[in-house]
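J.:
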Amino acid sequence: MVSAGETGREVKTEAKAEAKEEEPHFAHHRQVDGEAVIDHRTTTTPTNTASKQFHPSIWFLELELDVANVMPHSSMPSSSSPADTSLLPPRVNLRTQKRLASAVIGCGKRKVWLDPNEVSEISNANSRQTIRKLVSDGLIIRKPVTMHSRSRARELNLARRDGRHRGFGKRKGTADARMPQQVLWMRRQRVLRRLLVKYRASGKIDKHLYHELYHSSKGNAFKHKRALVEHIHRAKAEMARERAITEEMDVRRQKNKAARERKAERQAAKRNELAGVEEEA
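Written out as structure tokens, the structure is:
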């Protein structure tokens, strides 16, 4: 009586035998101790590598069709057959034509559009005159300028003027690295010196006051332009007051001098009278 275990072993043995019969025959010749030995590892079917080439893209397409259970069309080439390059259009080098067109139109080479339907005619153009003819015919066109809107940038700048987007998280570098003190100093000096030159040219200040304020500006006496303007007003008012005082002193001095002269004349006249009386006596 045959047990269930022996029946299972016989079924497995028959399945293995059928699988071996269905597998293709693999063999490979190798030499061991100078004698030819057949190694059943690789296929012995000869392949013509010159006529059949492996194309990964076509093989992958066949694999996708196999997974989807779709039969490939008869017109689709096989992965093992060489690709037919005679059906592809010949590639024409239009680098010279594009360079000439960019020079004629006055733009960059990336802005030049060549009509792909008129490649043969464009390839024959080898001079600037023929390129101009193609441009006038519309075979060569300058591409339009691509729009690059600055609306978002303007909105961001307006927000930054109000102090937005300038917190600690947006800062890179120290305060002096972001805005050097030397740059601020140069800007302030140039503003103050331009103001002094303008006032001197218009006659608001004289050359002496200009020279004095120039050195005061260099000595960090004025923090901004308003301080310099206020100082100029005060200086001019002080100069006007001193001028008025000087004029008043001159007038008073002249008046005193005239009074002294009159007094001297009276004293001289009196002495003369006394001298005349003594002579008569």
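According to this note's numbering, the stretch in the sequence shown is residues 4 to 284, in order. Quick reminder that beta carbons are idealized off the backbone N, C-alpha and C, glycines included.
(1) I'd like to know if the region 181 to 193 and the region 138 to 157 are in contact, where contact means that at least 3 CB-CB pairs between them fall below 8 Å.
(2) Measure the beta-carbon distance from arginine 157 to valine 115 and round it to whole angstroms, keeping in mind my assumption that it falls under 8 Å.
(3) Going by C-alpha to C-alpha distance, which of Leu142, Lys260, Lys175, Arg191 sits closest to alanine 230?
(4) Should alanine 238 and leucine 212 be called a contact, given that it needs their Cβ atoms to be closer than 8 Å?
(5) Taking the alpha helix (DSSP H) that valine 254 falls in, what are its first and last residues?
(6) Would DSSP call isoleucine 143 helix, strand or coil?
(7) Suppose the cutoff is 7 Å on Cβ atoms and the five residues either side in sequence are ignored; what does the same chain contact list for valine 107 look like?
(8) Going by beta carbon distance, what residues of the same chain come within less than 6 Å of valine 194, once the five residues before and after it are set aside?
(9) Where arginine 102 and glycine 111 are concerned, what is the direct C-alpha to C-alpha distance, given to the nearest angstrom?
(10) Which of the three DSSP states is assigned to valine 115 in this structure?
(11) At the level of alpha carbons, what is the spacing between lysine 210 and alanine 247?
(12) In whole angstroms, what is the alpha-carbon distance linking leucine 277 and glutamate 251?
(13) How would you call alanine 224, buried or exposed, if buried means at least 16 neighbouring beta carbons within 10 angstroms?
(14) Let me know the secondary structure DSSP gives asparagine 223 once reduced to three states.
T.: According to the data block:
(1) Result no; under three Cβ-Cβ pairs closer than 8 Å.
(2) Not really, about 32 Å apart at Cβ, beyond 8 Å.
(3) Closest by alpha carbon: Arg191.
(4) The criterion of a C-beta distance shorter than 8 Å is satisfied by alanine 238 and leucine 212.
(5) From DSSP, the alpha helix (DSSP H) with valine 254 extends over 228 to 283.
(6) In this structure, isoleucine 143 counts as strand in the three-state DSSP scheme.
(7) Sequence-distant Cβ neighbours of valine 107 in its own chain, meaning closer than 7 Å and more than five residues away, are Arg131, Ile134, Arg135, Val138.
(8) So the list reads Lys228, once near-sequence residues are dropped.
(9) Roughly 9 Å separates the two Cα atoms.
(10) Correct three-state label for valine 115: strand.
(11) Straight-line spacing of the CA atoms in lysine 210 and alanine 247 works out to 21 Å.
(12) In this model, leucine 277 and glutamate 251 are separated by some 39 Å (Cα to Cα).
(13) Counting of Cβ neighbours within 10 angstroms places alanine 224 among the exposed residues, the total staying below 16.
(14) In the structure shown, the three-state DSSP call for asparagine 223 is coil.
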